[in-house]
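> Structure in structure tokens, see below.
Protein chains: 2
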Amino acid sequence: MTISVERTKTPKQKPGTDQLVFGKVFSDHMFICDYSPDKGWHNARIVPYQNLSIDPSTMTLHYAQSIFEGLKAYKTKDGHVNLFRPRENIKRLNASCRRLCIPTVDEEFALTAIKKLVDVDRDWIPEGDGTSLYIRPFIFATEPHIGVRPSTTYSFVIITGPVGAYYKEGINPVKIYVEPNYVRAVRGGLGEIKASANYAASLKAQVEANEKGYTQVLWLDGVEKKYIEEVGTMNVFFIIGDEIVTPELSGSILPGITRKSCIELLRHWGYNMNERRISIQEVYEAHEKGLLKEVFGTGTAAVISPVGELCWNGNVITINNGKTGPISQRLYDTLTGIQYGKLPDEFGWIEKV
Amino acid sequence: MTISVERTKTPKQKPGTDQLVFGKVFSDHMFICDYSPDKGWHNARIVPYQNLSIDPSTMTLHYAQSIFEGLKAYKTKDGHVNLFRPRENIKRLNASCRRLCIPTVDEEFALTAIKKLVDVDRDWIPEGDGTSLYIRPFIFATEPHIGVRPSTTYSFVIITGPVGAYYKEGINPVKIYVEPNYVRAVRGGLGEIKASANYAASLKAQVEANEKGYTQVLWLDGVEKKYIEEVGTMNVFFIIGDEIVTPELSGSILPGITRKSCIELLRHWGYNMNERRISIQEVYEAHEKGLLKEVFGTGTAAVISPVGELCWNGNVITINNGKTGPISQRLYDTLTGIQYGKLPDEFGWIEKV
Ligand SMILES: Cc1ncc(COP(=O)(O)O)c(C=O)c1O
Ligand SMILES: Cc1ncc(COP(=O)(O)O)c(C=O)c1O
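Going line by line, the protein sequences match chains G and F.
Under full-length UniProt numbering, the first residue of the first sequence is numbered 1, with each subsequent residue one higher.
Under full-length UniProt numbering, the first residue of the second sequence is numbered 1, with each subsequent residue one higher.
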């Protein structure tokens with residue numbers, strides 16, 4: 001399928017590198033492609049960034065049949081543009097599609113669409129540490145229909161926007177609240193895909209944690225409220241003695257691409273890296289014994305986000321004196337080094353635009 | 001707040017009573033009202049039914065921060081228009097708002113909006129058994145923003161459309177598939193509100209049940225996969241010996257207004273009506289012993305939907321010989337009798353437009 005390009009006649013003012021915030025400013029163009037049962041995915045086009053016109057009965061508004069992805073384009077010192085493991089995002093997009101009864105997209109085609117859009121808005125990719133072009137592919141149900149069943153029509157849209165660091169704190173450690181009541185997802189539900197629905201389920205806990213002075217919520221499993229799942233929009237790792245642990249993919253956790261990359265790096269470096277069940281109790285006991293060395297979140301937005309403090313049922317523990325630990329730092333430096341082309345791409349993770 | 005009215009200049013063709021399907025045809029007008037932090041809910045207006053223009057970064061598309069309601073307007077023989085317990089819908093709308101960090105709406109105002117819209121499109125209310133005007137209020141996040149947090153702006157929209165019976169089978173018994181793997185909602189999640197997100201979570205199980213020849217899915221609790229929750233878009237009742245049982249509101253079940261009305265009617269009639277935990281095992285054992293007399297679903301769309309067959313892990317049981325039972329029928333006749341003004345409104349459930 002060819003992708004037509006209609007360039008904007010009224011380019012927008014780009015924000016200065018120091019004014020970058022997350023998710024507020026979007027580039028000049030967007031990609032859009034439609035699905036209907038007779039034509040399949042068709043009419044792929046890059047057009048000026050513009051509003052969508054949708055019927056008020058459009059199914060996604062009523063039944064949240066929508067999924068998304070998030071990845072970034074990085075500008076290297078020598079002016080190249082790097083994508084980080086974009087095929088993994090497209091694979092996960094399709095896994096999300098399958099779980100929500102949305103027709104999948106061709107992998108190569110989706111990659112071409114991302115690259116072409118980033119290329120058209122190449123000037124929008126900011127330069128500067130921690131900055132990048134955030135890329136948001138999403139697919140949503142477009143059929144005008146009231147009544148619960150999968151839509152027959154969809155739109156696949158990609159928008160992009162220049163971003164600075166996700167957390168105001170940057171690579172500084174964040175404070176995380178262990179959520180005792182609310183549940184984000186449970187096995188058999190949507191937790192392992194990037195469904196819009198999961199984020200609706202997370203809002204209230206996040207707001208309440210923010211009110212208590214915490215940046216994000218650490219989710220426990222929805223069945224026993226014992227085992228650790230993930231953090232807000234990040235997977236989570238614990239360094240306990242000589243072991244590095246991240247919760248196994250249990251069916252309710254998003255299989256993060258940063259998570260996967262960290263596991264691969266840590267194993268490559270020879271660490272004892274295990275994916276297994278880990279309870280919040282175990283983490284607190286390890287802290288008690290002086291064995292809890294580092295805790296960090298992993299995700300595209302923040303890359304590595306060290307956790308400096310945990311609060312579980314009123315028990316507050318400080319990790320590594322509230323400082324970024326050496327392994328968190330090494331992962332951050334290595335991942336961003338590869339992303340920005342400062343380090344060699346040993347694992348073949350970079351896709352050039 | 002006053003509600004302005006702009007009438008359409010191009011009224012649409014109304015479908016014949018025999019052509020009515022569910023959720024495909026919408027009336028000439030819609031209600032819309034906006035929320036911003038500085039103005040609160042403002043600019044309430046009834047306008048010709050029209051597309052909404054939304055930024056592709058509109059938060060609801062990405063994070064499913066949206067909720068809805070469903071109720072009906074019924075035309076009586078003598079030409080009146082009845083709403084059935086609309087205040088209950090508005091209370092539930094606000095409960096949904098609170099859970100999803102959406103600003104609530106004033107109850108009286110929302111009721112006025114519904115009535116005014118139904119009044120403007122009074123001619124769209126079909127006449128004929130089982131037909132009505134379906135009313136769909138919904139609220140969704142409108143802020144253009146990528147990043148997980150509640151939106152700062154919202155739209156409250158109401159659309160309506162003439163509908164026939166929800167199930168093609170009418171009041172005839174449906175076949176229900178007891179879902180062993182997928183989970184719709186779990187305590188601590190969104191199951192007890194009418195969040196769009198819940199319906200996304202239900203699609204795949206429903207499609208698979210349809211493929212097996214079943215109309216809907218019966219959900220079990222997400223923790224032990226033992227206890228009965230609800231059916232698709234209905235609550236569910238079991239008549240076992242002299243007891244009538246419906247699952248208690250456990251935190252993951254929608255508190256249906258038809259459910260509530262049935263409980264009230266059944267108690268009024270002197271039945272031993274209990275809200276309690278009930279396992280699928282208990283239902284099958286009751287059937288084994290010849291005690292399972294009737295099973296039925298309750299919901300605005302279908303009112304009462306008798307269940308003629310259940311399939312649980314390959315074990316198929318037929319209930320009441322696959323026929324509508326006497327209590328199901330009595331509830332259906334009474335509820336629709338009240339709704340269509342054929343029976344006196346003993347409980348004060350009717351609100352006239
Ligand atoms: C719920 C959730 N978990 C984990 C992640 C991290 O995934 P990734 O590393 O692919 O960005 C994200 C964000 O993308 C997320 O939304
Ligand atoms: C999940 C779910 N359960 C139950 C119901 C029944 O609720 P009510 O009787 O208020 O229509 C509905 C539909 O409204 C529903 O969507």
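Just so it is clear, CB atoms sit at the ideal spot from N, CA and C, and this is done for glycine as well.
Just so you know, these numbers come straight off a predicted model, no measurement behind them.
1. Does the beta-carbon of G256 of chain G, which I'm using as the reference point, lie nearer than 7 Å to any heavy atom of ligand 1?
2. If you measure from the beta carbon of K116 of chain G to each beta carbon in chain F, is any gap under 8 Å?
3. For the alpha helix (DSSP H) holding E275 of chain F, just list the boundary residues, first then last.
4. Per DSSP, what kind of secondary structure is P326 of chain G in: helix, strand or coil?
5. So, is L343 of chain G buried or exposed, given that buried needs 16 or more other C-beta atoms within 10 angstroms?
6. Counting C-beta neighbours from all protein chains within 10 Å, is the total for V316 of chain G 16 or more, i.e. buried, or is it exposed?
7. Between the Cα of T104 of chain F and those of F:L133, F:T258, F:P137 and F:V120, spot the shortest distance and give me the residue it belongs to.
8. Quick check on DSSP: helix, strand or coil for G297 of chain G?
9. Do you know offhand how far T318 of chain G's Cα is from E309 of chain G's?
10. What are the residues in the region 64 to 89 of chain F lying within 7 Å of chain G by C-beta distance?
11. Report the neighbours of L265 of chain F on chain G: residues whose CB is nearer than 8 Å to its CB, in chain order.
12. Return the bridge partner residues of M30 of chain F from the DSSP annotation.
13. Between the region 51 to 65 of chain G and chain F, which residues of the former have a C-beta closer than 7 Å to a C-beta of the latter?
14. Would you call the CB atoms of residue 408 of chain G and A200 of chain F closer than 8 Å?
15. Kindly say whether residue 354 of chain G, judged by its beta-carbon, lies nearer than 8 Å to any beta-carbon of chain F.
16. Between which two residues does the alpha helix (DSSP H) containing E211 of chain G stretch?
17. What is the DSSP secondary structure of W124 of chain G, reduced to helix, strand or coil?
18. Can you tell me whether DSSP reads L288 of chain G as helix, strand or coil?
19. Under 8 Å, with one C-beta from each stretch per pair, do the region 56 to 68 of chain F and the region 144 to 162 of chain F reach the 3-pair mark?
20. Measure the Cβ-Cβ separation of residue 366 of chain F and S202 of chain F and say whether it is below 8 Å.
21. Between which two residues does the beta strand (DSSP E) carrying P306 of chain G extend?
22. Apart from the five residues just before and just after K72 of chain F, which ones in its own chain have a Cβ nearer than 7 Å to its Cβ?
23. Which word fits P180 of chain G, buried or exposed, when buried means at least 16 other C-beta atoms lie within 10 angstroms of its C-beta?
24. How about H145 of chain F: is its C-beta nearer than 8 Å to some C-beta of chain G?
25. Throw me the rounded Cβ distance for the C97 of chain G and I67 of chain G pair, which I believe falls under 8 Å.
26. Under a CB-based cut-off of 8 Å, is T233 of chain G close to chain F?
27. Taking contact to mean 3 or more Cβ pairs, one atom from each stretch, closer than 8 Å, check whether the region 18 to 29 of chain G and the region 22 to 31 of chain F are in contact.
28. Taking 7 Å as the line, does the beta carbon of residue 402 of chain G fall inside it for any heavy atom of ligand 2?
29. With 7 Å as the limit, tell me which residues of the region 99 to 124 of chain G have their beta carbon closer than that to any beta carbon of chain F; keep them in chain order.
30. If you measure beta-carbon to beta-carbon, which residues of the region 127 to 140 of chain G are closer than 8 Å to chain F?
31. Go ahead and label H42 of chain F buried or exposed: buried means 16 or more other beta carbons lie within 10 angstroms of its beta carbon, across all protein chains shown.
32. Just the C-alpha distance for E288 of chain G and G23 of chain G, rounded to the nearest angstrom, thanks.
33. For C262 of chain F, which option in F:Y35, F:K77, F:L291 and F:Q329 has the closest C-alpha, if you only look at C-alpha atoms?
34. Going by the DSSP bridge assignment, what does T246 of chain F pair with across the sheet?
35. For chain G, check one thing: does any of its Cβ atoms lie closer than 8 Å to the Cβ of L254 of chain F?
36. Give, in chain order, every residue of the region 298 to 317 of chain F whose Cβ lies closer than 7 Å to some Cβ of chain G.
This is what the structure gives:
1. If you number the first sequence from 1, residue 256 of chain G lands on position 256. Yes, the Cβ of G256 of chain G comes within 7 Å of a heavy atom of ligand 1.
2. As a working note, residue 116 of chain G is residue 116 in the first sequence. Closer than 8 Å: no.
3. Here the question's residue 275 of chain F lines up with position 275 in the second sequence. Unbroken run through E275 of chain F is the beta strand (DSSP E), N272 to E275; no alpha helix (DSSP H).
4. For this step, residue 326 of chain G is matched to residue 326 along the first sequence. Looking at P326 of chain G - three-state DSSP - the assignment turns out to be helix.
5. By one-based count along the first sequence, residue 343 of chain G stands at place 343. That one is exposed.
6. Taking the first residue of the first sequence as 1, we reach residue 316 of chain G at position 316. It is exposed - the Cβ of V316 of chain G has fewer than 16 other Cβ atoms within 10 Å.
7. Within the second sequence, numbered from 1, the residue matching residue 104 of chain F stands at position 104. For T104 of chain F, the nearest C-alpha among the options comes from F:P137.
8. As a position in the first sequence, residue 297 of chain G is number 297, starting the count at 1. Strand, per DSSP.
9. Along the first sequence, one-based indexing puts residue 318 of chain G at 318. Along the first sequence, one-based indexing puts residue 309 of chain G at 309. Whole-angstrom Cα-Cα distance: 5 Å.
10. A64, Q65, S66 and F68
11. On the second sequence, position 265 is the one that residue 265 of chain F refers to. Those do not exist, as L265 of chain F stays about 26 Å from chain G at its closest Cβ, beyond 8 Å.
12. For the purposes of this step, residue 30 of chain F is identified with residue 30 of the second sequence, where counting begins at 1. DSSP lists F:V47 as partners of M30 of chain F.
13. N51, L52, S53, I54, D55, P56, S57, T60, L61, H62, Y63, A64 and Q65
14. Outside the displayed range of chain G (1 to 353) lies residue 408 of chain G, so it cannot be described from this structure.
15. Outside the modelled stretch of chain G, which goes from 1 to 353, sits residue 354 of chain G, for which no answer is possible.
16. Locating residue 211 of chain G in the first sequence gives position 211, counting from the first residue. Counting along the chain, the alpha helix (DSSP H) containing E211 of chain G begins and ends at S196 to E211.
17. Within the first sequence, numbered from 1, the residue matching residue 124 of chain G stands at position 124. Of the three classes helix, strand and coil, the one that applies to W124 of chain G here is helix, per DSSP.
18. Walking along the first sequence from the start, residue 288 of chain G turns up at place 288. Sequence check: residue 288 of chain G is Glu here, not Leu. E288 of chain G falls in the helix class under three-state DSSP.
19. yes
20. Examination of residue 366 of chain F is not possible in this model, given that chain F is present from 1 through 353 alone.
21. For the purposes of this step, residue 306 of chain G is taken as residue 306 along the first sequence, with counting starting at 1. First-last of the beta strand (DSSP E) with P306 of chain G: V303 to W312.
22. The residue given as residue 72 of chain F occupies position 72 in the second sequence. Here the set comprises F84, S132, L133, Y134, I135 and T300.
23. As a position in the first sequence, residue 180 of chain G is number 180, starting the count at 1. Classification for P180 of chain G: exposed.
24. On the second sequence, residue 145 of chain F is found 145 positions in, with the first residue counted as 1. Yes, because at least one Cβ of chain G sits closer than 8 Å to the Cβ of H145 of chain F.
25. Counted from its first residue, the first sequence places residue 97 of chain G at position 97. Counted from its first residue, the first sequence places residue 67 of chain G at position 67. At roughly 6 Å, the Cβ-Cβ gap stays under 8 Å, so C97 of chain G and I67 of chain G are in contact.
26. Here the question's residue 233 of chain G lines up with position 233 in the first sequence. It does; some Cβ of chain F falls within 8 Å.
27. no
28. No answer is possible for residue 402 of chain G: the residues shown for chain G start at 1 and end at 353.
29. R99, L100 and C101
30. Y134, R136, F138 and F140
31. Residue numbering aside, residue 42 of chain F sits at position 42 when the second sequence is read from its first letter. Looking at its Cβ environment, which holds fewer than 16 other Cβ atoms inside 10 Å, H42 of chain F is exposed.
32. Sequence index remark: in the first sequence, residue 288 of chain G carries index 288 (1-based). Sequence index remark: in the first sequence, residue 23 of chain G carries index 23 (1-based). Cα-Cα distance, rounded: 39 Å.
33. Position 262 of the second sequence, counting from 1, holds the residue named residue 262 of chain F. Distances from the CA of C262 of chain F to each of F:Y35, F:K77, F:L291 and F:Q329 were compared; the closest alpha carbon is that of F:Q329.
34. The residue given as residue 246 of chain F occupies position 246 in the second sequence. In the DSSP output, where bridge partners are listed per residue, T246 of chain F has F:E275.
35. Walking along the second sequence from the start, residue 254 of chain F turns up at place 254. No, no contact with chain G.
36. none
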